[in-house]
Structure formats: structure tokens, C-alpha cells
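Participant: Below: one structure in C-alpha cells.
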Amino acid sequence: MNFSRIVRAGIWWGVMFTAVSLLFLSASLTNAQTIEPEATPTVDRLAAPPTVPSPTQADEGAQLFWLHCQPCHGDKGQGFSDAPDDDWRAQYPMEDQFCWNSGCHGPRPYENGFTIPRKVPAVLGDNTLARFATMEEVHTYISVNMPHQWPGILEDEEYLAITAFFARDQGVWQGQQLTEEELADLRLRPLPTPEPSPTPPPATPEPTPAASTATFTWLYLGIGLFLILLLGGFLWHQRNR
Numbered sequence: 004m005n006f007s008r009i010v011r012a013g014i015w016w017g018v019m020f021t022a023v024s025l026l027f028l029s030a031s032l033t034n035a036q037t038i039e040p041e042a043t044p045t046v047d048r049l050a051a052p053p054t055v056p057s058p059t060q061a062d063e064g065a066q067l068f069w070l071h072c073q074p075c076h077g078d079k080g081q082g083f084s085d086a087p088d089d090d091w092r093a094q095y096p097m098e099d100q101f102c103w104n105s106g107c108h109g110p111r112p113y114e115n116g117f118t119i120p121r122k123v124p125a126v127l128g129d130n131t132l133a134r135f136a137t138m139e140e141v142h143t144y145i146s147v148n149m150p151h152q153w154p155g156i157l158e159d160e161e162y163l164a165i166t167a168f169f170a171r172d173q174g175v176w177q178g179q180q181l182t183e184e185e186l187a188d189l190r191l192r193p194l195p196t197p198e199p200s201p202t203p204p205p206a207t208p209e210p211t212p213a214a215s216t217a218t219f220t221w222l223y224l225g226i227g228l229f230l231i232l233l234l235g236g237f238l239w240h241q242r243n244r
């Protein structure tokens with residue numbers, strides 16, 4: 004009888020111990036999962052920009068910029084140089100980071116090759132496009148000279164879309180569908196204020212010939228009258244002597 008009670012008590016305490024152990028183990032696993040740091044996602048800087056449900060002209064320009072301009076001008080439009088620590092060039096595999104040293108992209112490229120410049124200017128962000136006064140000048144330049152390897156290869160509406168993308172970055176685009184006729188009105192910097200020209204002093208009027216003649220006439224009359232009075236006084240004095 005006592006032995007049975009001891010067995011039942013041992014079983015009861017064993018069950019309780021197991022339950023409490025499982026409870027603490029579950030709590031520990033929950034805390035471990037809660038405090039485990041999340042992995043930082045790796046950003047693919049060579050990937051295309053995200054699409055939007057209803058893309059604007061500038062959104063289409065962003066896609067075209069990625070396709071035709073980003074390889075040289077950078078994912079943020081920052082450009083690149085041949086500096087050892089250049090951030091954008093470092094995104095490419097090592098064998099593609101110094102293409103200007105190869106035969107197909109060097110100073111004298113092979114047939115169907117092209118020379119890659121060692122420095123490409125930034126085109127997005129502050130203090131960019133400084134050589135242009137209006138978006139019309141930007142559009143004219145890129146439609147004639149870009150992309151570097153195949154200048155002028157894009158369609159007119161594609162160059163307009165890239166221009167709208169640049170205009171949005173510069174803060175001069177209001178969301179409208181741009182046409183070539185509107186580009187001259189999108190100024191990148193204000194018109195220079197003309198300096199006021201100094202006011203010349205008033206000119207001294209020159210005497211006219213008629214005025215000069217009248218002046219000399221009165222002068223002669225005055226001299227003649229003085230001589231007559233002088234002669235009359237002299238004669239009157241002689242007569243009274």
C-alpha cells in the first residue's frame with residue numbers, strides 16, 4: 004500500500020517536472036526567436052528601378068536611364084572616375100572595372116568597339132547639369148550625343164522621357180507630358196538680371212546759328228550806342244568851352 008502511494012507520487016512529480024521544463028523551454032525558444040536580429044537585405048544596385056502601376060513620363064525616363072545611361076552615369080546619377088576608390092565602378096566585377104585598358108574600349112578600339120571615358124560627370128542631384136540653362140539644351144545635347152556608344156539611337160519620345168526624368172530630379176517638372184516646344188520654358192537657373200546702364204549727364208545745348216547772330220547784333224548795337232554817346236558828350240563839351 005505504501006509502495007503504491009510512493010509510485011503514484013513519483014509519477015505525479017515526474018509529470019509536473021516535465022510540464023514545467025517544457026514550459027520554460029518554450030519560453031526560452033520564444034525569447035531567442037524574438038531577439039534574433041533580422042538579416043539586412045542586400046540591395047542590388049545594378050537592378051532596374053521598381054515599376055509603378057501608372058507610370059508617368061518621368062517614370063518611363065527612369066527605366067530608360069537605367070537601361071541606357073546608368074552603366075556609365077551610375078545608379079544615382081553620380082558618374083564615375085578612374086579613382087581607385089570610385090564607388091560606382093566597384094559595383095562591377097573586377098575584370099570589368101578598367102575596361103579602358105582593353106582593346107575593345109581603349110584609345111584605339113577594335114572594329115565595332117568604342118572608347119570608354121575615364122571620367123563620366125554626375126547628372127542627378129545638386130550642382131549637376133550646370134552647363135545647361137534650360138531643359139531644351141539638355142534634350143538637344145542628349146539626343147545628339149547619347150548614349151555614348153550609339154549616339155542618337157533612341158526614339159524622340161524616349162529622349163523626351165529621359166529629359167522629363169532629369170527635369171523631375173531638378174525640381175522643374177510639374178508632372179505634365181512634356182513636348183519639345185515646352186522645354187525652353189523649363190529653366191535650370193534664373194535669367195541673369197541685366198545691370199542698369201548709367202544715365203549720362205544732360206548735354207549742354209549748343210547755340211544755334213540764329214542765336215549766335217542775334218547775340219553779335221546786340222553786341223554791335225551796344226558798342227555803337229556807347230560810341231555815339233561818347234562822341235556826343237565830347238562835342239557838347241567842346242561847344243561849351
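In terms of the numbering used here, the sequence shown opens at residue 4 and continues consecutively. The C-beta atom is built at its ideal place from N, Cα and C for all residues, glycine as well.
Under a Cβ-count criterion, where at least 16 other Cβ atoms within 10 Å of its own Cβ denotes burial, should Trp-239 be classed as buried or exposed?
Facilitator: Looking at its Cβ environment, which holds fewer than 16 other Cβ atoms inside 10 Å, Trp-239 is exposed.
Participant: Below 8 Å between beta carbons: does that hold for His-142 and Leu-186?
Facilitator: The answer is yes: Cβ separation under 8 Å.
Participant: Buried or exposed, going by whether 16 or more other CB atoms sit within 10 Å of the CB of Cys-72?
Facilitator: Result: buried.
Participant: With 16 other CB atoms within 10 Å as the buried threshold, where does Tyr-162 fall?
Facilitator: Buried, since its Cβ has 16 or more Cβ neighbours within 10 Å.
Participant: Let me check understanding here. Comparing Cα to Cα, which of Arg-48, Gln-81, Glu-98, Leu-49 lies closest to Asp-172?
Facilitator: That would be Gln-81, whose Cα lies nearest to the Cα of Asp-172.
Participant: Taking the alpha-carbon positions, what's the Ala-136 to Ala-125 distance?
Facilitator: Ala-136 and Ala-125: Cα-Cα distance of roughly 16 Å.
Participant: Do you know whose CA, among Trp-69, Phe-83, Glu-183, lies nearest Glu-140's CA?
Facilitator: Looking at the Cα atoms, Glu-183 is the closest of the given residues.
Participant: Ignore the nearest five residues each way along the sequence and tell me which others in Arg-92's own chain have a CB closer than 6 Å to its CB.
Facilitator: These residues qualify, in order along the chain: Phe-83, Gln-100.
Participant: Would you identify the three-state DSSP class for Val-126, choosing helix, strand or coil?
Facilitator: In this structure, Val-126 counts as coil in the three-state DSSP scheme.
Participant: Taking Gly-64 as the reference, give the member of Ile-145, Pro-195, Leu-194, Arg-190 with the closest Cα.
Facilitator: Out of Ile-145, Pro-195, Leu-194, Arg-190, Ile-145 has the C-alpha closest to the C-alpha of Gly-64.
Participant: Can you have a look at Gly-77 and say buried or exposed, based on whether 16 or more other CB atoms are within 10 angstroms of its CB?
Facilitator: So Gly-77 counts as buried.
Participant: Which residue's Cα is closest to the Cα of Lys-79: Ala-167, Leu-127, Pro-52?
Facilitator: Taking only the C-alpha atoms, the option nearest Lys-79 is Leu-127.
Participant: How many Å lie between Gly-174 and Met-138 at the Cα?
Facilitator: Going by the C-alpha atoms only, they are around 11 Å apart.
Participant: Check this for me: beta carbons of Arg-121 and Asp-85, under 8 Å apart or not?
Facilitator: Taking 8 Å as the Cβ cut-off, Arg-121 and Asp-85 qualify as a contacting pair.
Participant: Would you mind listing the beta strand (DSSP E) stretches within the region 79–142 that are 3+ residues and don't spill past its ends, in chain order?
Facilitator: The region 79–142 contains no whole beta strand (DSSP E) run of 3 or more residues.
Participant: What are the boundary residues of the alpha helix (DSSP H) that includes Cys-75?
Facilitator: It spans 73–76 - the alpha helix (DSSP H) in which Cys-75 sits, taken as one unbroken run.
Participant: Leaving out five residues on either side along the sequence, give the residues of the same chain with a beta carbon under 8 Å from the beta carbon of Leu-132.
Facilitator: Around Leu-132: Val-126, Val-141, Phe-169, Gln-173, Leu-191.
Participant: Would you decide whether Met-149 is buried or exposed? Buried here means 16 or more other CB atoms lie within 10 Å of its CB.
Facilitator: Classification for Met-149: buried.
Participant: Using only the alpha-carbon positions, how far apart do Leu-234 and Gln-241 sit?
Facilitator: Computed Cα separation, rounded: 11 Å.
Participant: Would you list the one or two residues that DSSP bridges to Arg-190?
Facilitator: Paired residue(s): Thr-137.
Participant: State the DSSP-derived secondary structure class of Glu-198, mapped to helix, strand or coil.
Facilitator: Three-state DSSP puts Glu-198 in coil, outside helix and strand.
Participant: Between the alpha carbons of Trp-176 and Thr-196, how many angstroms are there, rounded?
Facilitator: Computed Cα separation, rounded: 24 Å.
Participant: Could you give the distance in angstroms between the alpha-carbon of Thr-45 and the alpha-carbon of Gln-66?
Facilitator: Approximately 21 Å, taken between the alpha carbons.
Participant: Relative to the C-alpha of Ser-57, which candidate in Ile-156, Arg-134, Gly-178 has its C-alpha closest?
Facilitator: Measuring from the Cα of Ser-57, the nearest candidate turns out to be Gly-178.
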